[in-house]
Each structure stands twice: as structure tokens, then as C-alpha cells.
Amino acid sequence: MIIRGKVHKFGDDINTDDIIAAKYLVSTDAKELGRHCMETIDPKFSQAVSPGDIIVAGNNFGCGSSREHAPLAIKGSGISAVIAKNFAAIFFRNAINIGLPFLESPDVDKINSGDIIEIDLAAGLIRNITQGQDYKTEAFPEFLRDIVEEGGLINYIKKRAEK
Amino acid sequence: MAYTIAEKILLAHCGQKTIKPGEFIQADVDVALANDITAPLAISEFKKTGFKRVFNKNKVVLVPDHFAPAKDLRSANQCRVLADFAREQGIKNYFEVGRMGIEHALLPEQGIVLPGDLVIGADSHTCTYGALGAYGTGVGSTDMARAYIDGKCWLKVPASIKFIYKGKLGKWVGGKDLILYTIGKIGVDGASYKVMEFCGPVIDKLGMDDRFTMSNMAIEAGARAGLIAPDAITRKFVAGFKRKPKFYHSDPDAVYEKTYEWDLTKLEPLVACPHLPSNVKPASSLKNIKVDQVVIGSCTNGRISDLRVAAKILKGKKAAPGVKLIVFPATQKIYLEAVKEGLAEIFVKAGGVFSTPTCGPCLGGHMGILAEGEVAIATTNRNFLGRMGSPKSFVYLSGPAVAAASAVTGKITHPDKIS
Chain A
-10 MIIRGKVHKF
0 GDDINTDDII
10 AAKYLVSTDA
20 KELGRHCMET
30 IDPKFSQAVS
40 PGDIIVAGNN
50 FGCGSSREHA
60 PLAIKGSGIS
70 AVIAKNFAAI
80 FFRNAINIGL
90 PFLESPDVDK
100 INSGDIIEID
110 LAAGLIRNIT
120 QGQDYKTEAF
130 PEFLRDIVEE
140 GGLINYIKKR
150 AEK
Chain B
30 MAYTIAEKIL
40 LAHCGQKTIK
50 PGEFIQADVD
60 VALANDITAP
70 LAISEFKKTG
80 FKRVFNKNKV
90 VLVPDHFAPA
100 KDLRSANQCR
110 VLADFAREQG
120 IKNYFEVGRM
130 GIEHALLPEQ
140 GIVLPGDLVI
150 GADSHTCTYG
160 ALGAYGTGVG
170 STDMARAYID
180 GKCWLKVPAS
190 IKFIYKGKLG
200 KWVGGKDLIL
210 YTIGKIGVDG
220 ASYKVMEFCG
230 PVIDKLGMDD
240 RFTMSNMAIE
250 AGARAGLIAP
260 DAITRKFVAG
270 FKRKPKFYHS
280 DPDAVYEKTY
290 EWDLTKLEPL
300 VACPHLPSNV
310 KPASSLKNIK
320 VDQVVIGSCT
330 NGRISDLRVA
340 AKILKGKKAA
350 PGVKLIVFPA
360 TQKIYLEAVK
370 EGLAEIFVKA
380 GGVFSTPTCG
390 PCLGGHMGIL
400 AEGEVAIATT
410 NRNFLGRMGS
420 PKSFVYLSGP
430 AVAAASAVTG
440 KITHPDKIS
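Protein chains in written order, with this note's numbering: chain A, -10 to 152; chain B, 30 to 448.
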């Protein structure tokens, strides 16, 4: 799977309250949540996102609450993938479970807001089209790749239950 | 092979002969907990799968605590989803308003979580149960939906980090100060994907409530769990519950990724300043920080001993003019104890609100939202930007002693200045 989009850059420790504030957790609708994605730290974020755009962030992305509304809000805002230096553990599993593509990369500091990048998830490759650079990163372990490729945890379990 | 407590519990739940950090396992859970924010999503995912019954109605727990008693129509609808699902599935561990408490105080109190259990909760503070020597870990709603189907959860076995606390704790220093100190030292990602194991002479003497406070905030260092080995204090706490606990202890030669050892004899009451729980300073070093609101309660510090500490300071005193003092015991049982012991009266006479249990104020849900420019000191667990309301408000975190003292003076205050 190749994902291509414009970069929206964020810093370290972007927490789940930043991604979607608790006051919006009266909905489970991705589109509605998406309209308020990142509102606390960047009120214009959802308007600035074009479908397919990519979030690039620093350390510990998604720390804090277990709210799956956070990756859902990101998906609902039109963001197609997230790249960070590393992810907080619960956000990591939520993103896998709902099938939000993401990659960990030590090279995020080289990527700028507005850059056009391409991600090859299976190969663990990030291609910065704007800067003409490639960043190699680790592909997912097989077990996690299976879940993402089958469209999330529920499909993965259903498939195995049918066998 | 030598194992840590965490590894022993995970091993006992995954049907394998051995286990090692980094490995993916499919574990059988003893308790699958969700609340009024996370359960509606889990239930709708579960229903989409076509499965009709949850794997075991006695292992599913539903607690409407975040926006309950319902703060508005949409919250009411979400709470309703839990009530309907509980009825339809015959789930007895559903706690209606009036019997409800903040989940992580309620489950141990009711004997629903016991030492040795593997608990998944669609709430990040599920790590609280580590205080009992249970492996509690936060997951998402889809994880919960999957557990409803087959009672399992995928987990990556974490490596453990050992924290040894030595010395003699000073007056007013408790579990909150220990965990804030720890997070201040290692940072908000200092135990990312790891298990924190708390031990040493200080922990040996620490009461159950303070232990819950410590384990509760393991997630604030990024940890998957925050474990304390069960001992006589744990045994006393769980004595009398129907289900049998299992007491696991780390082997002497168990492998830890890292060990920290601190002497905390000189530790002062601490405060985490905006906007990260790791931004920790001694309360005495904070001069002239005016507060508009003081919140005492939550899954972190809403237990009876927390209320006793706060009441000791507030007895016969008033909250400073302009300060909103909000005290919310974590469960109905604690509420009643506070009434019987006269603590509720102390809070009300001090000019404070004594609220029904709810997570409300902690996450900016209801019952005490901060306006633009307002400052709160809270015994809760997160001080992220906008956590308790306006993105232009400020949250300081502390234990109940500093919070109560600050209510009296109207600015962040070391409790020694009051009593």
C-alpha cells in the first residue's frame, strides 16, 4: 500500500486530549470527531487538512487516554497516515486495531510541514518528494501487519473464527 | 526460567510454556472493563460482528462514570447503551448511578479485581490494579469488542523496570508524591511500553490507597502496568472476597531492563506544573500561584485516606474567597464513610462542594470545567493543555494535602504553612 499526501507537522508528547478533547466524546462518529481533531493545539487543523494528508510528529505520539476516538478523529479528519518517532502504547494498539496506517521513523526532524511525502508501509519506506530524500524505517512485525492488512482487529478475528 | 510478577501473570493467562519480553501473546482476560465513553464504541463494534453473546457475562464490567450522572442528552444516550447491553447480556457487574463509583476505585472495593488477575480496561488508568499485584492494562474499544467475542486480548509482553524506594517518608508525603517524583525523574515516556514494578522499604509500609495512587499514574510515564508485589497489606485488603486471589512475586533472578533506586527521606510534597505530569516541582518552591479551583478526588486520589488527609487540613477552616473547592469521593462506599466520619461536614463547612462520584472534573467533562485564564490545583492525574476545560486554563497536580492547603490560602501552599 502506497500513501501519498501533504505533511502536517507536530512536536513531542501530542496527547489524546490534544487529538480529541473530552467534550467531544459524546459521539463515536469519525467524521464528527474529525472536525474537532487537534482543535486544542491548532484550531484550524481540520480545515487545513485535504483528504490523504499525513501527520508527522515527534516522540510519544498519542500519550494519555485510551480513547479510540483519537485515531478515529484523525481518520475522520481526512488524514491517511501518521508518522512519529514513536507512539504511546495504547494509541499504537488502537491505530492497529482500527486500521489507521502509521510508521515509526527516527527521521521525522528532516520532514517539514507542507512537504509532500509517500509512504510504503510494507517496505517501511518514506519518500520525501519535496526534498528528494528517502528514509528507511522498520516495517511492522508480521502479526501486526496481518491485522492492518485485514482491515483491523475485528476482521482479523472474524476470519480466524470462520476457519 | 526466572520471571517478574508481570511475566508470571501473563504466562498464566496465555497457555504457553514460556514467555519473553517482546513476544506477542493472545491472553485470556479475567475482567473486561469499559465505561460510558469507551463501551458504546465497543458495543457497536461487537454488534457489527454478528456475535450475539459476550464470552462470559460474569467477566464483563460496565461502569458509567465519566459523564454520569448524565451531563447532557448525548451522554445520557451513551450511558443508556451500557444499561441496555447489560440487561440484554445479563451482565451483573453493571453499576447504575447511585451504586456507581469511579471504576478504578470501585472494582477493587467490590472484589471484582483480585491479585493475579489479568484485567483489560478501555480506560488508560486500568493500570491502577497493579497495586494489588494484578496485571491491569489500558486498551481501546476495538480490543474490548474483541474480548467480548472470545475473552482474549493481544499483548506484547513488556520488559519490566524496577523502582526501589528507600528512606522514611516525611509528614504530608504520600503515594502521589512518590509517583510524581518518579515521573519527574524519568519523563512522560520514561517507561513507554514497559511494566513499572514498585518496591522497597517505603512501598512495604505504604497503605493500599497510596499504592493505588502510584499504580494509577504508571500510564503517565507511558507504562503498560504498574505492579506492586502482594504482601500482608494486600492480603488484608482482599480478605473476605469470594473469588480466590493468586499471589505472584518476582523471582530473585528475574530480569529487569533497568533499576532505579532512590532514598526519599528528604522528599517534600510535590506539584506537577502545566502542562505535563513530568513537570514536577516541590510545593514549597511555588510562590504566589493563585488558584481559582481546587479539586480533590478522582481514580488517583478519591479514596478514604485521601479524604482524611484533606479533611485534617480543612477542619475548622474555610476555602479562601473566590476559590471553588470541589471534593468528590470515588465511590458510594467512600462517600458514606466520609459522611459517617464527619469528613463531608468538614468539606461543606469549609465552603466546598461534596459531590457524587464521577470522573467529570478530571477530564473536563462536567462538575467543574475551567474558564479561560483559570488555574486549578487537582489531585487528578493529567494536566495536559485544556484537560479540565479551556485551552487557556492551567492545571497543577498534587496530593490531597497540598490541594487542601492551597484551598485555604487561595494559592499553591505547602501543608506545613496551614497546620
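Yeah, the Cβ is synthetic: ideal placement off N, Cα and C, and Gly gets one too.
Taking the alpha carbon of residue 168 of chain B as the point to measure from, which residue in B:62, B:407 and B:120 has its own alpha carbon closest? Translated into the one-based positions of the second sequence, residue 168 of chain B becomes position 139. Closest by alpha carbon: B:62.
If you measure from the beta carbon of residue 119 of chain A to each beta carbon in chain B, is any gap under 7 Å? Mapped onto the first sequence, residue 119 of chain A falls at position 130. Answer no: the Cβ-Cβ gap between residue 119 of chain A and chain B never drops below 7 Å.
What does a CB cutoff of less than 8 Å around residue 123 of chain A pick up in its chain, not counting 5 residues either side in sequence? Residue numbering aside, residue 123 of chain A sits at position 134 when the first sequence is read from its first letter. For residue 123 of chain A, where only same-chain residues beyond five positions count, the Cβ hits under 8 Å are 114, 115, 116 and 117.
Below 7 Å CB to CB, which residues in the same chain sit around residue 380 of chain B once its five sequence neighbours on both sides are set aside? Your numbering for residue 380 of chain B matches position 351 in the second sequence. For residue 380 of chain B, where only same-chain residues beyond five positions count, the Cβ hits under 7 Å are 347, 348 and 354.
Is there a Cβ from chain B that is less than 7 Å from the Cβ of residue 77 of chain A? Reading the first sequence from its first residue, position 88 is the one you call residue 77 of chain A. Chain B contact via Cβ: present.
Which residues of the region 410 to 421 of chain B have a Cβ closer than 7 Å to any Cβ of chain A? Give them in chain order. 411, 413, 414, 415, 416 and 420
Counting Cβ pairs closer than 8 Å, one from the region 151 to 163 of chain B and one from the region 253 to 265 of chain B, do we hit at least three? yes
Kindly indicate which residue of B:352, B:376 and B:386 has the alpha-carbon position closest to the one of residue 363 of chain B. Residue 363 of chain B sits at position 334 when you count from the first residue of the second sequence. Of the candidates B:352, B:376 and B:386, the one whose C-alpha sits nearest the C-alpha of residue 363 of chain B is B:386.
Contact set for residue 75 of chain B: own chain, Cβ-Cβ below 6 Å, skip 5 residues either direction: Numbered from its first residue, the second sequence carries residue 75 of chain B at position 46. The answer, listed in chain order, is 174 and 177.
Are the CB atoms of residue 55 of chain B and residue 181 of chain B within a distance shorter than 7 Å? Here residue 181 of chain B refers to the residue found at position 152 of the second sequence. Here residue 55 of chain B refers to the residue found at position 26 of the second sequence. Contact: yes.
In whole angstroms, give me the CA-to-CA distance for residue 302 of chain B and residue 79 of chain B. For the purposes of this step, residue 302 of chain B is taken as residue 273 along the second sequence, with counting starting at 1. For the purposes of this step, residue 79 of chain B is taken as residue 50 along the second sequence, with counting starting at 1. Looking at the two C-alpha atoms, the distance is approximately 47 Å.
What do you reckon, are the CB atoms on residue 92 of chain B and residue 132 of chain B nearer than 7 Å? Stepping through the second sequence from its first residue, residue 92 of chain B is reached at position 63. Stepping through the second sequence from its first residue, residue 132 of chain B is reached at position 103. Yes, they are a contact pair.
According to DSSP, residues forming a beta bridge with residue 4 of chain A: In the first sequence, counting from the first residue as 1, residue 4 of chain A sits at position 15. For residue 4 of chain A, which the question treats as bridged, DSSP gives the partners A:52.
List the residues of chain A whose Cβ lies closer than 7 Å to the Cβ of residue 178 of chain B, in chain order. Position 149 of the second sequence holds residue 178 of chain B. Within chain A, the residues near residue 178 of chain B are 146.
Chain B contacts made by the region 38 to 64 of chain A, where a contact means CB separation under 7 Å: 48, 49, 52, 53, 54, 55, 56 and 57
Collapsed DSSP secondary structure at residue 267 of chain B in the structure displayed: Position 238 of the second sequence, counting from 1, holds the residue named residue 267 of chain B. Helix at residue 267 of chain B.
Buried/exposed call for residue 90 of chain A, threshold 16 Cβ in 10 Å: As a first step, residue 90 of chain A is located in the first sequence; it is residue number 101 there, counting from the start. Under this definition residue 90 of chain A is a buried residue.
Do residue 47 of chain A and residue 0 of chain A have their beta-carbon atoms positioned less than 7 Å apart in this structure? On the first sequence, residue 0 of chain A is found 11 positions in, with the first residue counted as 1. On the first sequence, residue 47 of chain A is found 58 positions in, with the first residue counted as 1. Cβ distance < 7 Å, so residue 0 of chain A and residue 47 of chain A count as in contact.
Can you list, in chain order, the residues of its chain whose CB lies under 7 Å from that of residue 22 of chain A, leaving out five sequence neighbours each side? Residue mapping note: residue 22 of chain A aligns to position 33 of the first sequence, counting from 1. 9, 13, 16, 58, 61, 62 and 65, listed in sequence order.
Same chain, Cβ closer than 7 Å to residue 217 of chain B, five either side skipped, listed in chain order: As a working note, residue 217 of chain B is residue 188 in the second sequence. The residues are 249, 250, 251, 305, 306 and 307.
Any beta carbon from chain B within less than 7 Å of residue 84 of chain A's own beta carbon? Taking the first sequence and counting its residues from 1, the one referred to as residue 84 of chain A is at position 95. False, the Cβ-Cβ gap to chain B never drops below 7 Å.
Contacts that residue 74 of chain B makes with chain A (C-beta to C-beta distance below 8 Å): Here the question's residue 74 of chain B lines up with position 45 in the second sequence. 143, listed in chain order.
Residue from B:405, B:375, B:122 and B:438 with nearest C-alpha to residue 423 of chain B: Taking the second sequence and counting its residues from 1, one reaches residue 423 of chain B at position 394. When only C-alpha atoms are compared, the closest one is B:405.
C-beta contact flag for residue 493 of chain B and residue 111 of chain B at 7 Å: This structure cannot settle anything about residue 493 of chain B, because the visible part of chain B is limited to 30 through 448.
Excluding sequence positions up to five away, which residues of its chain have a Cβ less than 8 Å from the Cβ of residue 300 of chain B? Sequence index remark: in the second sequence, residue 300 of chain B carries index 271 (1-based). These residues qualify, in order along the chain: 209, 309, 310, 311, 312, 315, 406, 425, 426, 427, 431 and 441.
Please decide whether residue 355 of chain B counts as near chain A, where near means a Cβ-Cβ distance under 7 Å. Taking the second sequence and counting its residues from 1, the one referred to as residue 355 of chain B is at position 326. Output row for residue 355 of chain B: interface = no.
Taking the alpha carbon of residue 421 of chain B as the reference point, which residue from B:445, B:401 and B:434 has its own alpha carbon closest? Start at 1 with the first residue of the second sequence, and residue 421 of chain B comes out as number 392. Answer by Cα proximity: B:401.
Report the residue from B:120, B:266, B:197 and B:88 whose alpha carbon sits nearest the alpha carbon of residue 144 of chain B. On the second sequence, position 115 is the one that residue 144 of chain B refers to. Residue B:266 is the option with its Cα nearest to residue 144 of chain B.
How would you list, in chain order, the residues of chain B whose beta-carbon sits under 8 Å from the beta-carbon of residue 132 of chain A? Locating residue 132 of chain A in the first sequence gives position 143, where the first residue counts as 1. By Cβ distance, chain B contributes 53 and 183.
Chain A contact residues for residue 148 of chain B, given Cβ-Cβ distances below 7 Å: The sequence position of residue 148 of chain B within the second sequence is 119, counting from 1. Going along chain A, no residue has its Cβ under 7 Å from residue 148 of chain B, so there is no contact; the nearest lies around 13 Å.
Starting from the Cα of residue 429 of chain B, find the closest Cα among B:323, B:417, B:351 and B:293 and give me that residue. In the second sequence, residue 429 of chain B corresponds to position 400, counting from 1. The shortest Cα separation from residue 429 of chain B among B:323, B:417, B:351 and B:293 belongs to B:323.
Chain A residues whose Cβ lies nearer than 8 Å to that of residue 217 of chain B: To locate residue 217 of chain B, count along the second sequence from 1; it is residue 188. Within 8 Å Cβ-Cβ: 2, 49 and 52.
Could you tell me which chain A residues have their CB closer than 7 Å to the CB of residue 69 of chain B, listed as they occur along the chain? Along the second sequence, one-based indexing puts residue 69 of chain B at 40. The answer, in chain order, is 17.
So which residues of chain A does residue 66 of chain B contact, with C-beta pairs closer than 7 Å? Reading the second sequence from its first residue, position 37 is the one you call residue 66 of chain B. Near residue 66 of chain B (Cβ distances below 7 Å), the residues of chain A are 14 and 56.
Proximity to residue 85 of chain A [Cα-Cα], best of B:288, B:184 and B:166: Residue 85 of chain A sits at position 96 when you count from the first residue of the first sequence. Ranking B:288, B:184 and B:166 by Cα distance to residue 85 of chain A puts B:184 first.
Classification of residue 137 of chain A by the beta-carbon crowding that lies within 10 angstroms, buried from 16 upward: Indexing the first sequence from 1 puts residue 137 of chain A at position 148. Classification for residue 137 of chain A: buried.
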